[in-house]
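One structure is given below, encoded as structure tokens.
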Amino acid sequence: MKKQTGFSIIEIAVVLVVVGMMLMSAMPMMSDWMRNAKLRNQAEALQSGLQQARNEAVRRNQAITFYMVSGDNANALDDTCVVSSSGTSWVVSVRNPAGECDAAPAVTSTDGSNPLIVRTHVGADGASGVSVNGLASDGTTAASSVTFDAFGRASGSLVRINVAYATSQDADRPLRVDISPAGMVRMCDTQITDSTDPRRCPSSASDASVPAAGTGTGTPISTPQTESQDVQTPPSN
Numbered sequence: 310m311k312k313q314t315g316f317s318i319i320e321i322a323v324v325l326v327v328v329g330m331m332l333m334s335a336m337p338m339m340s341d342w343m344r345n346a347k348l349r350n351q352a353e354a355l356q357s358g359l360q361q362a363r364n365e366a367v368r369r370n371q372a373i374t375f376y377m378v379s380g381d382n383a384n385a386l387d388d389t390c391v392v393s394s395s396g397t398s399w400v401v402s403v404r405n406p407a408g409e410c411d412a413a414p415a416v417t418s419t420d421g422s423n424p425l426i427v428r429t430h431v432g433a434d435g436a437s438g439v440s441v442n443g444l445a446s447d448g449t450t451a452a453s454s455v456t457f458d459a460f461g462r463a464s465g466s467l468v469r470i471n472v473a474y475a476t477s478q479d480a481d482r483p484l485r486v487d488i489s490p491a492g493m494v495r496m497c498d499t500q501i502t503d504s505t506d507p508r509r510c511p512s513s514a515s516d517a518s519v520p521a522a523g524t525g526t527g528t529p530i531s532t533p534q535t536e537s538q539d540v541q542t543p544p545s546n
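Residue numbering for the sequence shown follows this note's numbering, beginning at 310 and increasing consecutively.
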């Protein structure tokens with residue numbers, strides 16, 4: 310009979326060492342990918358909220374506002390919420406939702422303090438460590454809201470939202486969400502400098518009206534939502 314042989318201890322040890330080295334070399338790349346994925350998720354959540362506000366304004370034929378908000382509870386929007394240019398959560402509503410972010414979505418109300426909420430989104434754990442900064446057209450003044458009219462046009466101080474880590478690393482790829490006066494919403498990569506790359510951020514707010522391939526536009530699109538509350542409302546007469 311032919312003698313049966315298996316792997317020796319030395320062969321097994323060599324394989325384990327090789328596999329361990331491969332895993333160790335891949336870990337930094339995986340860590341970088343996960344960090345940048347968190348940035349993209351936050352930027353996409355803001356972009357989606359802006360697009361929903363615009364779409365709802367056109368559908369209802371009335372002004373709808375997108376508000377960046379923050380509150381004491383990181384996992385839910387409640388009566389401690391305030392409008393904030395650094396808020397990772399957002400509210401789409403007819404009126405200012407400060408102190409009323411936990412109000413039920415509504416179309417009309419006899420209560421003048423009811424913000425008439427359309428949708429909300431909670432930043433929660435997905436935004437841990439991420440810094441959000443809403444800015445006006447000058448690129449330095451803090452801004453937290455933008456209003457879309459029945460034609461989808463944008464007005465208000467908020468024209469740009471920077472999304473980055475509070476403590477940055479070399480491999481980070483900060484993103485930016487731009488809102489043009491025409492109401493177009495565009496996400497771009499601030500690290501790209503090649504003028505021919507469609508992912509590059511425009512140098513001025515007026516350039517944001519030019520959509521970039523694969524980064525989203527201000528035209529109404531259907532976007533799957535997570536951690537958001539919605540209400541279906543009939544168009545106004």
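Backbone N, C-alpha and C define an ideal beta-carbon position, used for all residues, glycine too. Computed from a prediction, not measured in an experiment: that's the story for all the values here.
Alpha carbon to alpha carbon, how far is residue 470 from residue 441? Give it in angstroms, no decimals.
Cα to Cα, residue 441 sits roughly 7 Å from residue 470.
Report buried or exposed for residue 364, applying the criterion of at least 16 other Cβ atoms within 10 angstroms of its Cβ.
buried
Could I get the ranges of all uninterrupted beta strand (DSSP E) runs contained in the stretch 392-429, with 3 residues as the minimum, in chain order?
398-402
Mind reading off the beta-carbon distance from residue 401 to residue 432? Whole number of angstroms is fine, and I expect it under 8 Å.
That belief does not hold up - the Cβ atoms of residue 401 and residue 432 are roughly 15 Å apart, past 8 Å.
Using 8 Å for Cβ pairs, my map puts residue 508 next to residue 501. What's the rounded Cβ distance?
5 Å
With a floor of 3 residues, list each beta strand (DSSP E) that falls wholly inside the stretch 462-500, ordered by position along the chain.
469-474, 484-488, 494-498
In the structure shown, what three-state DSSP assignment does residue 350 receive?
helix
For the beta strand (DSSP E) holding residue 455, just list the boundary residues, first then last.
454-457
Measuring straight from C-alpha to C-alpha, what distance separates residue 428 and residue 399?
8 Å
Under a Cβ-count criterion, where at least 16 other Cβ atoms within 10 Å of its own Cβ denotes burial, should residue 463 be classed as buried or exposed?
buried
When DSSP labels each residue in this structure, what does residue 439 get in the three-state scheme?
The answer is strand: DSSP assigns residue 439 an E or B state.
Are the beta-carbon atoms of residue 454 and residue 374 separated by less than 8 Å?
yes
Tell me which residue opens and which closes the beta strand (DSSP E) that residue 374 is part of.
373-379
Between the alpha carbons of residue 510 and residue 448, how many angstroms are there, rounded?
In this model, residue 510 and residue 448 are separated by some 13 Å (Cα to Cα).
Do residue 472 and residue 487 have their beta-carbon atoms positioned less than 8 Å apart in this structure?
no
Check residue 451 in the structure and name its three-state DSSP category.
strand
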